[in-house]
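FYI, the numbering for the sequence shown is 3 to 240, going by the working numbering. Cβ atoms here follow ideal geometry from the backbone N, Cα and C, with glycine treated the same way. Right, one structure below, let's go through it.
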Amino acid sequence: GTLKRREHLQEGKFFWCQCKRCCDPTELGTYSSAIQCPKCRGGLILSTDPLDQNSPWKCQNGNCAYIVTGKSMLLLVDTVFKELDSIHCNDVNGFEVFLEKYRNVFHKNHYLCICAKHSLFQLYGRSENFMIQELTIDQLRVKENYCRDILDVVNLLEPGLSKLRGVIMYELHAPVMIQATRLYESGEIKNNDLKKRLREVIKLLRESEEILKMEPEGSNEYTMAVAAGDALNRIGKV
Numbered sequence: 003g004t005l006k007r008r009e010h011l012q013e014g015k016f017f018w019c020q021c022k023r024c025c026d027p028t029e030l031g032t033y034s035s036a037i038q039c040p041k042c043r044g045g046l047i048l049s050t051d052p053l054d055q056n057s058p059w060k061c062q063n064g065n066c067a068y069i070v071t072g073k074s075m076l077l078l079v080d081t082v083f084k085e086l087d088s089i090h091c092n093d094v095n096g097f098e099v100f101l102e103k104y105r106n107v108f109h110k111n112h113y114l115c116i117c118a119k120h121s122l123f124q125l126y127g128r129s130e131n132f133m134i135q136e137l138t139i140d141q142l143r144v145k146e147n148y149c150r151d152i153l154d155v156v157n158l159l160e161p162g163l164s165k166l167r168g169v170i171m172y173e174l175h176a177p178v179m180i181q182a183t184r185l186y187e188s189g190e191i192k193n194n195d196l197k198k199r200l201r202e203v204i205k206l207l208r209e210s211e212e213i214l215k216m217e218p219e220g221s222n223e224y225t226m227a228v229a230a231g232d233a234l235n236r237i238g239k240v
């Protein structure tokens, strides 16, 4: 978020950033720092001047006059970050409880929620009791939704051939493909729907491979690129 990002840059690099993202209360339309108004429940609270750490934050609903101080916002994100940071890195339930707790507090793209979703989309498919083929349809949908939420943000903040986009697209292909296969086998979707979903899988894998093959050989990302290529070959033989 802008408050903590600018504070971090000032402390580490000795300057107050004034880039396009920092100047924009919506952070290029991502709403990565926005919180939901506790008064009107319909508006979003944004900084009135993102380049002033002490500026008040105000609800954007024209019929609501709710205002909170910059100091209070900083205290809120510091407190919630400590809570998020205390969750064990492999605690799927802990991250899910965190997201549910703050579902009506933060915008879904708030950077603290995105951090929790990032941990979860990696855990769903790799951690004990949550291996990819063990996931239920509902869990696969959750992984898919988290990947899509983060990809929407990354497409705005890191467009193009960025490593993070490549990783997310690789992670996204699996739940989409497995859901499609299971639903087709159970007769819940028809052949045309299966082909539509597989076309998205192929698109995700191709772009993921293109991006991640530029990473150093031996790196986790390069290994993903190889796996993406192998998956494309298998799909091509179906």
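Unbroken alpha helix (DSSP H) stretches of 4 residues or longer found wholly inside the region 44 to 91: 72 to 87, given in chain order.
With a beta-carbon spacing of about 18 Å, residue 172 and residue 144 fall beyond the 8 Å limit used to define contacts. Check the Cα spacing between residue 91 and each of 117, 46, 106, 102: the tightest is with 117. With a beta-carbon spacing of about 16 Å, residue 159 and residue 5 fall beyond the 8 Å limit used to define contacts. Note that the region 175 to 194 touches the region 144 to 155; at least 3 beta-carbon pairs, one per stretch, sit closer than 8 Å.
Taking a cut-off of 8 Å for Cβ pairs, the region 42 to 56 and the region 14 to 28 touch, as three or more such pairs fall below it. Judged by beta-carbon spacing, residue 200 lies beyond the 8 Å limit of residue 234, meaning their Cβ atoms are not closer than that value. Residue burial annotation: residue 47 is buried, with at least 16 other C-beta atoms found within 10 angstroms of its C-beta.
The region 153 to 198 contains no complete beta strand (DSSP E) run of 3 or more residues. When DSSP states are grouped into helix, strand and coil, residue 108 belongs to the strand group. Ranked by Cα distance from residue 62, the options 82, 39, 136 are led by 39. Here the alpha carbons of residue 209 and residue 196 stand approximately 20 Å from one another. In the DSSP assignment, residue 37 is bridged to 47, 108. Taken through DSSP and simplified to helix, strand or coil, residue 133 comes out as strand. Taking C-alpha positions only, residue 134 is separated from residue 128 by approximately 7 Å. With fewer than 16 other Cβ atoms inside 10 Å of its own Cβ, residue 236 counts as exposed.
A buried status is given to residue 123, since no fewer than 16 other beta-carbon atoms sit within 10 Å of its beta-carbon. For residue 12, the enclosing alpha helix (DSSP H) has its first and last residue at 4 to 15. Looking at the backbone, the Cα of residue 213 and that of residue 12 are separated by about 32 Å. The beta carbon of residue 26 is closer than 8 Å to those of 52 in its chain, skipping five residues each way along the sequence.
DSSP lists no bridge partner for residue 238.
For residue 127, the pairing in a beta bridge is given by DSSP as 133. Residue 58 and residue 3 have their C-alpha atoms some 15 Å from each other.
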